[in-house]
Structure formats: structure tokens, C-alpha cells
């Protein structure tokens with residue numbers, strides 16, 4: 001019995017991986033993400049750059065042999081800043097998404113599982129978070145908490161869980177009527193046990209693909225918050241680079257090398273997450289067949 | 292439309308509004324640095340003075356009473372005083388409202404028009420390179436930070452080519468000869484911000500229009516129209532498109548949060564004197580009452596728009612019955 005179960009699981013996993021590799025979209029997404037993860041975590045080891053070293057070159061120097069992407073308003077190497085910024089953007093994106101996933105899953109599963117008044121209450125709160133203008137909400141929260149990397153993570157996390165909660169609830173509703181849940185209940189399993197062991201494993205695949213999509217939004221949010229001055233001053237991120245580029249007037253002197261590269265990196269990274277998320281969705285969610 | 296549907300929608304909107312009020316009230320009280328502690332930095336302050344100041348501001352009353360007072364004042368239109376402008380918050384916001392409405396309206400019209408057009412092309416030419424190109428455009432604009440697009444546009448069109456003015460709504464320091472002159476100047480300033488905002492939201496609209504049109508095209512009455520011998524153009528333009536446009540209405544409302552986020556960034560980058568730029572300034576100056584007021588008003592607008600969309604959708608599509 002245990003073995004057969006394991007075998008089935010193994011086969012499922014194999015099918016998933018195969019489907020993933022068949023789809024071009026997921027391969028492109030995966031390649032982009034691998035590239036940026038390497039850039040963020042291996043890049044700083046290979047590429048010498050000190051964020052505190054001002055005036056390594058002239059101010060806003062155009063690209064040259066010494067500085068492949070030119071220098072910023074304080075004479076720092078833009079390429080080095082870009083490589084170091086990748087880490088911040090990735091970390092914020094992933095951690096914020098984790099928070100959002102946990103809140104969304106807990107709210108969604110409890111809502112669907114318990115039903116009744118608990119469901120009504122949780123869903124009203126969820127609806128409110130879906131409707132509320134997310135950027136002003138994030139800005140208000142960030143302004144109150146103060147700008148640090150962790151606060152940004154928390155702010156993005158607690159404002160972006162509503163979609164996940166809706167999804168988890170819908171899936172829970174369809175799972176909870178199935179026999180194995182009934183069976184577990186009849187032998188006296190508790191609510192928490194059933195939700196964790198019986199419902200979560202069935203809800204999780206869908207939540208996971210949704211989570212990859214939330215990461216894309218989280219990275220965009222980090223960029224926007226940083227650009228609007230809510231970022232961590234001590235850590236270079238792509239959003240902070242754009243913030244400084246704008247504040248220092250790089251735009252009006254046409255210093256393209258300062259503000260175009262971070263933007264292009266953001267677009268690519270967000271697209272990478274979006275591609276991967278969509279392919280996960282297509283593989284894991286049979287209801288979603290592309291036209 | 293039945294009244295139960297209406298009542299439920301009103302109830303839901305009211306709850307959302309209440310949650311906004313709670314966020315607005317309690318969050319701004321949890322934060323450090325309340326007015327009393329600011330006043331009590333005076334070294335000569337003693338406990339009795341503290342109590343006096345507290346009772347003056349009503350801080351000695353229970354939180355619930357304070358919350359009730361807060362609600363009462365909101366209803367009267369008292370949103371507090373801006374720290375920075377030293378004027379009532381409601382007046383500061385009111386003076387900026389027009390600029391935002393102009394920008395949002397212009398962008399929305401461009402986006403709806405282009406969105407329907409692109410969606411139609413993509414649906415009619417499904418699977419062809421044009422379809423793929425439109426999808427690609429939608430994806431890239433979705434992944435693009437709005438403010439960044441604005442920056443790139445400014446650098447290219449304003450700085451490099453010198454085609455448009457970069458800052459504000461009107462050329463400053465100029466007295467206009469007449470209304471026409473003023474309108475031309477406004478149009479020059481409006482063009483680029485409106486296009487930026489439109490580009491960012493048009494991708495979503497075109498995708499919705501595409502899938503909605505594909506849905507409609509597979510319905511029986513389309514087959515009937517074809518069987519009657521109507522031309523392909525007539526079938527699409529007269530029979531399919533009018534029905535396929537319906538979801539755009541809801542999307543406009545649902546997308547309002549997205550639109551507001553976009554407007555906030557576009558206004559900041561282009562120094563457009565609207566609510567979005569005001570919020571950016573309030574953030575920089577840590578002007579909490581103003582921030583709170585903007586958040587409240589913007590949320591209220593979004594809730595209202597969603598409510599209106601629900602009602603309108605129920606009215607336009609008789610199949611909707613909850």
C-alpha cells in the first residue's frame with residue numbers, strides 16, 4: 001500500500017517534470033530565472049564591486065572598457081550595482097511571496113473547510129484586500145513601518161495574499177466533500193489534522209503555480225516601492241538604482257546606461273516568473289486549457 | 292435585477308469601506324510619535340500638563356469612543372490638517388483632483404479604444420504572427436514598471452527629441468491669451484503621461500477582449516448569422532463585438548486599483564499635479580494626515596466603482612442573477 005502510493009507519486013512527479021520540459025514557455029522562464037539566480041548569488045563572488053566606493057569613475061560616465069555599463073551619479077560602476085541589486089530584488093520577491101502564500105493558504109483553507117460564518121467573515125476581509133488600491137495601501141504601510149528591507153517584505157506579503165486565498169478556498173470546497181476526507185473524519189481526525197494532511201496536499205499544486213505568479217507581482221512591487229523612496233538605502237536594488245537615477249537627474253541628461261539596464265532586468269525577471277507560473281498552471285490545472 | 296442582489300452588493304461594499312476605516316484609524320495610532328509625545332518633548336512638562344494635553348485631544352477616552360469621533364468628523368468632511376501644507380486635508384486633495392481626473396480619463400479612453408481594437412485583431416487573426424505580437428506586447432507591458440516606461444519616454448521624446456515638455460500640466464509663468472491657447476498647452480503636457488498610462492493598461496484590456504470575442508464567436512447565434520449569409524466582417528462587427536465588449540466594463544472597475552497605481556507613478560515621474568504626485572510628496576514629507584486622507588478617498592472611489600460595475604453588469608447582462 002505505502003509502496004504503491006510512493007510509486008504513484010513518483011510517476012506523477014516524473015510526468016510533471018516531463019510536461020515542464022516539453023513546454024517552450026516554461027523552459028524560457030526557467031532559463032531566465034536560473035540566469036538571474038546565478039547573477040545574484042555567484043555574480044558578486046566573481047565581479048569585484050564595493051557599493052560604498054564612491055567616485056571609482058567620473059560622475060555619469062558613459063559606458064567604456066573600464067565600466068561596461070558606465071557609472072552612476074556617484075561615480076560607481078553601474079554593472080556592479082546591477083549585479084548586487086539582483087540579490088535584493090530576488091530575496092524580496094521570494095520572501096514576500098512566501099508570506100503571502102502562507103496567509104493566503106491558511107485563510108483560504110480555513111474559509112473553505114469551516115464554511116458558515118467563518119467563511120463569510122474571512123471572505124469579506126479577502127474581498128476588501130482584493131478591492132483596495134494596492135499601491136497606496138503598500139505605501140501607507142511602508143511609511144508607517146519605516147523603510148527597511150524586511151519591512152518591505154512584510155508590506156508586500158500582507159497586501160498580496162487575497163488572490164491566493166480565493167484560489168485555496170475554491171479548491172478546498174471541491175476537495176472537502178471527497179471520500180478520503182470523510183474517512184479521516186469518521187475515524188476521529190481533528191480539524192487541523194484533516195486540513196494539513198488531507199486538504200493541503202490536494203490544494204497545494206494550484207497554490208504553488210499561483211505563487212510563482214505572485215512572485216512576479218512582488219518583484220514589481222519592490223521596484224515601485226523603492227523607486228518611490230520607500231526602499232532600503234543601504235542595499236542596492238534595481239528599484240533603488242532607478243530611484244537614484246531619477247532623483248539625480250540622469251533622465252534629463254540622457255544617461256541611458258544608468259536607468260535602462262535595471263528596467264530591462266526587471267522586465268526579464270518578471271517575465272521569467274510569469275512564464276514559469278503560467279506553464280505550471282497549465283500543467284497542474286486541467287481546467288485551464290489554452291485556446 | 293432583484294433587490295436582494297442589490298442589497299447584498301451594498302452590504303459587501305459597506306464592509307469593505309469599514310475595513311478601510313479600521314486600517315486608517317488604528318494603523319495611524321499604532322505608529323510611534325503621536326501628537327502628545329511631540330508636544331511633551333518640552334523639558335518643563337509635568338504629569339498634570341500631560342493629562343491636560345491628553346484630554347484636550349481626547350486621548351484619555353476609550354479607543355472605541357475615539358473611533359466614533361473619528362467617524363463623525365469624517366462624515367462632516369473633516370479629514371484633519373496637513374502637516375506640510377497647514378491646510379485642511381480635504382482642501383489640499385480637492386485642489387489636485389481635477390488634474391488626476393483629466394489624466395486618468397484621457398488614458399482610459401485611449402486604452403479602451405486601443406484595447407478593443409487590438410483584442411479584435413488578435414481574436415480574428417488567432418494563431419497568426421499578429422496575434423503572437425499582440426500577446427508579446429501585452430506581456431512585456433505587464434512586466435514593465437510604469438514609472439520606468441515614463442522615464443524612458445521622457446528621456447527619449449522630451450530630452451532627446453525635444454518633442455514635449457517634461458514637467459507639469461501647463462507651462463509655468465505664462466498667461467494664456469484664451470481658452471484655446473490653454474487647451475493646446477494642456478494637450479501638449481498631457482500627451483505623454485496619458486500615453487504612458489494607457490500603454491500600461493492596454494495589454495490587459497486587449498487580452499480580455501480577445502478571449503471574450505473568442506468565446507462569443509463560438510456561440511450558436513454567430514453560426515446562425517453566418518448561415519444567414521452575412522459577411523464575415525458584419526458577423527464580427529455587428530454581432531460579436533457588441534457582446535464581447537461587455538466584460539471590458541467590469542475590467543475597468545476591477546482594474547481601477549491598477550490604474551491608480553499607474554497614475555501615481557506616472558504623475559510622480561511627469562510632475563503632474565494630481566493626487567498621485569500629492570501622495571508621493573506626502574510620503575516624502577511624512578505628512579501622515581494627508582497620506583491618510585488620500586488613502587481613504589482613493590479607497591472610497593475604488594469601492595464605489597466596483598459597486599457601480601457590479602450593478603451595471605447585472606443591468607447590461609440579463610443572464611446575471613445571483
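Protein chains in written order, with the numbering used here: chain A, 1 to 291; chain B, 292 to 613.
We put the CB at the ideal spot given by N, CA and C, even for glycine.
Because the structure is a prediction, the values reported are computed rather than measured.
{"Query": "Suppose the cutoff is 7 Å on Cβ atoms and the five residues either side in sequence are ignored; what does the same chain contact list for residue 238 of chain A look like?", "Result": "85, 89, 223, 262, 265, 266"}
{"Query": "Pull up the distance between the alpha-carbon of residue 121 of chain A and that of residue 187 of chain A, whole angstroms please.", "Result": "30 Å"}
{"Query": "Mapping the DSSP letters down to three states, classify residue 379 of chain B as helix, strand or coil.", "Result": "strand"}
{"Query": "Would residue 398 of chain B and residue 488 of chain B be called neighbours here (beta carbons separated by less than 8 Å)?", "Result": "yes"}
{"Query": "DSSP state of residue 195 of chain A, grouped into three classes?", "Result": "helix"}
{"Query": "Run through the DSSP bridge pairs and tell me what residue 372 of chain B is partnered with.", "Result": "B/379"}
{"Query": "Which residue's Cα is closest to the Cα of residue 431 of chain B: B/493, B/336, B/515, B/318?", "Result": "B/493"}
{"Query": "Do we get a CB-CB distance below 8 Å when we pair residue 292 of chain A with the residues of chain B?", "Result": "This structure leaves residue 292 of chain A out entirely; chain A is present only between 1 and 291."}
{"Query": "Since residue 164 of chain A and residue 207 of chain A should fall inside the 8 Å C-beta cutoff, what is the C-beta to C-beta distance between them, to a whole number of angstroms?", "Result": "6 Å"}
{"Query": "Which of the three DSSP states, helix, strand or coil, is assigned to residue 455 of chain B?", "Result": "coil"}
{"Query": "Measure the CB-CB distance between residue 41 of chain A and residue 269 of chain A and report whether it falls below 8 Å.", "Result": "no"}
{"Query": "How about residue 501 of chain B and residue 413 of chain B: are their beta carbons less than 8 Å apart?", "Result": "yes"}
{"Query": "Shortest alpha-carbon distance to residue 655 of chain B belongs to which of A/221, A/185, A/255?", "Result": "No information on residue 655 of chain B is available, as it lies outside the stretch 292 to 613 that chain B covers here."}
{"Query": "May I ask you to list, following chain order, the residues of the segment 246–260 of chain A that have a beta carbon less than 9 Å from some beta carbon of chain B?", "Result": "246, 250, 251, 252, 253, 254, 255, 256, 259, 260"}
{"Query": "Does DSSP classify residue 577 of chain B as helix, strand or coil?", "Result": "coil"}
{"Query": "For residue 590 of chain B, which residues in chain A fall below 7 Å Cβ to Cβ?", "Result": "132, 133"}
{"Query": "Would the beta-carbon of residue 203 of chain A fall within 8 Å of that of residue 233 of chain A?", "Result": "no"}
{"Query": "How would you call residue 497 of chain B, buried or exposed, if buried means at least 16 neighbouring beta carbons within 10 angstroms?", "Result": "buried"}
{"Query": "Please tell me whether residue 310 of chain A has its Cβ less than 8 Å away from any Cβ of chain B.", "Result": "For residue 310 of chain A there is no data in the structure shown, the boundaries of chain A being 1 and 291."}
{"Query": "So, does the CB of residue 27 of chain A fall closer than 8 Å to a CB anywhere in chain B?", "Result": "no"}
{"Query": "Between residue 227 of chain A and chain B, is there a C-beta pair that is closer than 8 Å?", "Result": "yes"}
{"Query": "From A/113, A/228, A/151, A/257, pick the residue whose C-alpha is nearest to that of residue 570 of chain B; which is it?", "Result": "A/228"}
{"Query": "Which two residues bound the contiguous alpha helix (DSSP H) that contains residue 185 of chain A?", "Result": "179–186"}
{"Query": "Spatial neighbours of residue 236 of chain A within its chain, please: C-beta separation below 7 Å, excluding the five flanking residues on both sides.", "Result": "51, 81, 84, 85, 88"}
{"Query": "Once the 5 residues before and after residue 15 of chain A are set aside, which same chain residues still bring their CB inside 7 Å of it?", "Result": "none"}
{"Query": "Using the rule of at least 16 other Cβ atoms within 10 Å of the residue's Cβ for burial, across every protein chain shown, is residue 419 of chain B buried or exposed?", "Result": "exposed"}
{"Query": "Give a yes or no on contact between the segment 122–134 of chain A and the segment 187–201 of chain A, applying the rule of three or more CB pairs nearer than 8 Å.", "Result": "no"}
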